[in-house]
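There are 2 protein chains.
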Amino acid sequence: MNATLHELETPALVLDEAKLDRNIARVHERVHSLGSVLRPHVKTAKSIDIVRRSLVGEPGGITVSTLKEAEYFFAHGIHDIVYAVGIAPVKLPHVISLIQRGASIAVITDNVAAVHLAGQAAAKAGVTLRMLIELDVDGHRAGVHPDSELLLELARSIAASRHLELRGVLTHAGESYQCRDLASLRALAELERSGSVRAAQRLRAAGFPAPVVSVGSTPTGLYSASLEGVTEVRMGVYMFQDLVMAGINVCTLEEIALSVLVSVIGHQRDRGWIITDGGWTAMSRDRGTAEQPVDQGYGVVRDVDGHALADDLIVRSVNQEHGVIARRDGALPDFDQYSVGSLLRVLPNHACATAAQHERYHVVRGARDVVATWERINGW
Amino acid sequence: MNATLHELETPALVLDEAKLDRNIARVHERVHSLGSVLRPHVKTAKSIDIVRRSLVGEPGGITVSTLKEAEYFFAHGIHDIVYAVGIAPVKLPHVISLIQRGASIAVITDNVAAVHLAGQAAAKAGVTLRMLIELDVDGHRAGVHPDSELLLELARSIAASRHLELRGVLTHAGESYQCRDLASLRALAELERSGSVRAAQRLRAAGFPAPVVSVGSTPTGLYSASLEGVTEVRMGVYMFQDLVMAGINVCTLEEIALSVLVSVIGHQRDRGWIITDGGWTAMSRDRGTAEQPVDQGYGVVRDVDGHALADDLIVRSVNQEHGVIARRDGALPDFDQYSVGSLLRVLPNHACATAAQHERYHVVRGARDVVATWERINGW
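Protein chains in written order, with this note's numbering: chain P, 1 to 380; chain E, 1001 to 1380.
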């Protein structure tokens, strides 16, 4: 007989197995129907149990955001890894060590200085280091413009080193999180695709190899009209979904697979507050919905089975180990429904940030049967 | 020969040993000069190496925010523990297990329902559970008002159980973080002290024991004019200090002992951005300075030795593993000073939140000699 949620010490991270599987299937079908494949970004889940499910029917490569993720998934048998954060020179020996142990790692950069340092480190170690040029299609963060001279300069500087291998281009249309409707999402997805394909074509026209055209974010991955010319799509949040994604209509609240189980520890009746043990250590400080049309505070409150409540409750504020739940409209909730000791589940603003506060997932099948505990990693 | 900061993989949490020791000494002297003693709150540091230093010259008891902290510090020989988050009924078996193994744990609550459940659990296990009544002096969060009838009702319900022992009162004037000047801080500190002492006197006048009057927060602890009637002060952030504390003049920027070491991984020259590998996983999503007179973004940038830079740089935005540094005034920084691969140190908004993102402290003596690595715990 399985444990139930009532036997867990709170706060605890809960993962709905059926929703996880549906989210994974949805993206798999979407990406494959457009003729591409998925290279899951493991930075959200950071758990081999989850990532294995996301790799079913895919070529088997993953995307990581830290070398600790690379080490962990390599130790679990995954060899094909793209490290999708611009390489910091101090990390080159670690990357090279992974390559020497048999991992196939590609690193990314957007500047010639990093290319030179990578070439020197690879030459010294006698290894070949694969590189992708990071593109900036939307002014979001890092990368070079697809139409820039710098793109070709980077390709020349990579090609100039016998120990570097240019593999192609990679971009992340991070501005997709700021979209407010599906039309602008679709437009950004096309900007991401067309910019990446154009950059790869410029490289090829100049005589450089560019077999890889890697794009992705959960919103653009789900709302691309075409993936022509794209060789792989990177996405991570899609496995869990979250309130930020729901706020841009990429998912519904019912599709969010992740929640935080909390205990009611007291009431402040005159203020309409239900006090829980779900603070920012459990939810994270992420306020990604603050600038969306519907501000969800620190999370939307559900009953222990994950179902909507009659009261429209959100977590209005958090301290380190305290959450303060209240009705969105400020009216008094029906306190009798939330007696001291009762359990609630809170849907998170940002799945990556909330999961990063926890060391394991409690996997539920149906409403509250805990069928597994899956460990995850954090840190560097 | 010691390692230096240049040998660490970034991002990494750096702790300045001399500043830590001075911060601890300052609070020790302050609290003892007012005739009280310290019960350090270990929720900020979560490391035995640090907490041992904070206990020098103190009675030896600590405050915890989770039972994982209680387990960890108990395993390191600390027995006298106040668990200062309102007890969740589901955690009672764990508390009782600690007591049965020899820990002296006091739990807190502000409601009769929790008292009844605690009494039942303690009776069933045949142990005596120590309880403190949580007071609300400033409308911040949980607790009963010092002048309320509920205070005496709680005392009666605790006294009604042979297996519960009333130890006194506890409060945390959390609104002190909202203060903007020292005069309002001093006023709040006095409200915290006088309310707690008054509540204890009411309990004693009604025939209940109340040997413990426990107060504290870093701002009120440092700016109390009197601690008359207070038997212990609980503080945690004071060990490290942070930008939020500096923003209410509780410390200077030079006193902040904690910083995050990051690598420059690229530039977006036209936007004035320096891209680093210090994202929200390294800094946390805490924006505690956002509502202060000086908004510090996600942190104030220092050079690798911890010294101020000529450019007034802050972390203007973060993604999961990226930080975007820019001048506060929006002007272009002197990019040549921040070449790809160079190291910077970022002072955090909120020491508790930033430290909670890391698994260890890299302890520096002087500017950059790493003399120790101290592990810390997270989670529950």
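Even for Gly, the Cβ is constructed at its ideal location relative to N, Cα and C.
Worksheet item: Should residue 1289(E) and residue 1250(E) be called a contact, given that it needs their Cβ atoms to be closer than 8 angstroms?
Response: 8 angstroms or more divides the Cβ of residue 1289(E) from the Cβ of residue 1250(E).
Worksheet item: Is residue 1087(E) helix, strand or coil when you go by DSSP?
Response: coil
Practice prompt. With distances taken Cα to Cα, identify the nearest neighbour of residue 304(P) among 272(P), 354(P), 367(P) and 279(P).
Written response: 367(P)
Worksheet item: So which of 1106(E), 1038(E), 1111(E) and 1193(E) has the shortest CA-CA distance to residue 1122(E)?
Response: 1106(E)
Discussion item. Taking CB distances under 8 angstroms as the criterion, tell me whether residue 130(P) reaches chain E.
Written reply: no
Worksheet item: Using a C-beta cutoff of 8 angstroms, does residue 1332(E) count as contacting chain P?
Response: For residue 1332(E), the answer is no, since every Cβ of chain P falls outside 8 angstroms of its Cβ.
Worksheet item: Closest to residue 6(P) by CA distance: which of 1090(E), 1070(E) and 1036(E) is it?
Response: 1090(E)
Practice prompt. Please classify residue 1(P): is it buried, with 16 or more other beta-carbons within 10 angstroms of its beta-carbon, or exposed?
Written response: The predicted position of residue 1(P) is uncertain, since its pLDDT is 49 and thus under 50; no value can be drawn from it.
Item to complete: Assign residue 29(P) to one of three DSSP states: helix, strand, or coil.
Response: helix
Worksheet item: Using 8 angstroms as the limit for Cβ to Cβ distance, is residue 1359(E) near chain P?
Response: Yes, because at least one Cβ of chain P sits closer than 8 angstroms to the Cβ of residue 1359(E).
Discussion item. Could you compute how far the alpha carbon of residue 1176(E) sits from the alpha carbon of residue 1075(E)?
Written reply: 33 angstroms
Practice prompt. For residue 163(P), name the three-state secondary structure that DSSP assigns.
Written response: coil
Practice prompt. Could you tell me which chain P residues have their CB closer than 8 angstroms to the CB of residue 1362(E), listed as they occur along the chain?
Written response: What residue 1362(E) touches in chain P: nothing, since even the nearest Cβ is about 12 angstroms away.
Discussion item. Could you check whether the Cβ of residue 1141(E) sits closer than 8 angstroms to any Cβ belonging to chain P?
Written reply: It does; some Cβ of chain P falls within 8 angstroms.
Worksheet item: What did DSSP end up calling residue 1049(E) once you bin it into helix, strand or coil?
Response: Three-state result, residue 1049(E): helix.
Fill in: Continuous alpha helix (DSSP H) stretch holding residue 99(P): start and end
92-100
Discussion item. Would you say residue 161(P) lies against chain E (beta-carbon separation less than 8 angstroms)?
Written reply: no
Practice prompt. Identify the contact partners of residue 1043(E) in chain P, using a Cβ-Cβ distance below 7 angstroms as the criterion.
Written response: Per Cβ cutoff of 7 angstroms: 320.
Fill in: Proximity test, Cβ basis, 8 angstroms: residue 1219(E) and chain P
no
Practice prompt. Would you kindly report the start and end of the unbroken beta strand (DSSP E) that includes residue 1131(E)?
Written response: 1129-1135
Item to complete: Identify each residue in the region 1010-1024 of chain E for which the Cβ-Cβ distance to at least one residue of chain P is less than 9 angstroms, and report them in chain order.
Response: 1010, 1011 and 1012
Worksheet entry | residue 371(P) classed as buried or exposed, judged by whether at least 16 other C-beta atoms fall within 10 angstroms | Exposed.
Worksheet item: Going by DSSP, what residues sit across from residue 1273(E) in a beta bridge?
Response: 1268(E)
Discussion item. So residue 380(P) contacts chain E; which residues on that side make the cut at Cβ distance below 7 angstroms?
Written reply: 1009 and 1011
Item to complete: Specify, as a first and last residue, the run of the alpha helix (DSSP H) that residue 1223(E) falls within.
Response: According to the DSSP assignment, residue 1223(E) belongs to the alpha helix (DSSP H) that extends over 1218-1223.
Worksheet item: Should the region 226-235 of chain P be called in touch with the region 24-35 of chain P, which here means at least 3 C-beta pairs below 8 angstroms?
Response: With a cut-off of 8 angstroms, the region 24-35 of chain P and the region 226-235 of chain P count as touching, because enough Cβ pairs lie within range.
Worksheet item: Alpha carbon to alpha carbon, how far is residue 71(P) from residue 1208(E)?
Response: 58 angstroms
Discussion item. Measuring straight from C-alpha to C-alpha, what distance separates residue 214(P) and residue 206(P)?
Written reply: 19 angstroms
Practice prompt. Go through its chain and collect everything with a Cβ distance to residue 140(P)'s Cβ below 8 angstroms, but skip five positions before and after it.
Written response: 172, 173, 174 and 175
Worksheet entry | Helix, strand or coil at residue 372(P) according to DSSP, with G and I counted as helix | Here residue 372(P) sits in strand by DSSP.
Item to complete: Quick one: grab the DSSP three-state call for residue 71(P).
Response: helix
Worksheet item: Would you call the region 40-50 of chain P and the region 232-241 of chain P in contact, with 3 or more CB pairs under 8 angstroms?
Response: yes
Practice prompt. Going by CA-CA distance only, name the one from 1358(E), 1196(E), 1133(E) and 1351(E) that's closest to residue 1155(E).
Written response: 1133(E)
Discussion item. Please report the straight-line C-alpha distance between residue 325(P) and residue 193(P), rounded to a whole angstrom.
Written reply: 42 angstroms
Worksheet item: Assuming residue 1243(E) and residue 1302(E) make a contact with CB atoms under 8 angstroms, what is their CB distance in whole Å?
Response: Contact flag wrong, Cβ pair sits at about 12 angstroms.
Worksheet item: Should residue 85(P) and residue 65(P) be called a contact, given that it needs their Cβ atoms to be closer than 8 angstroms?
Response: For residue 85(P) and residue 65(P), yes; Cβs fall inside 8 angstroms.
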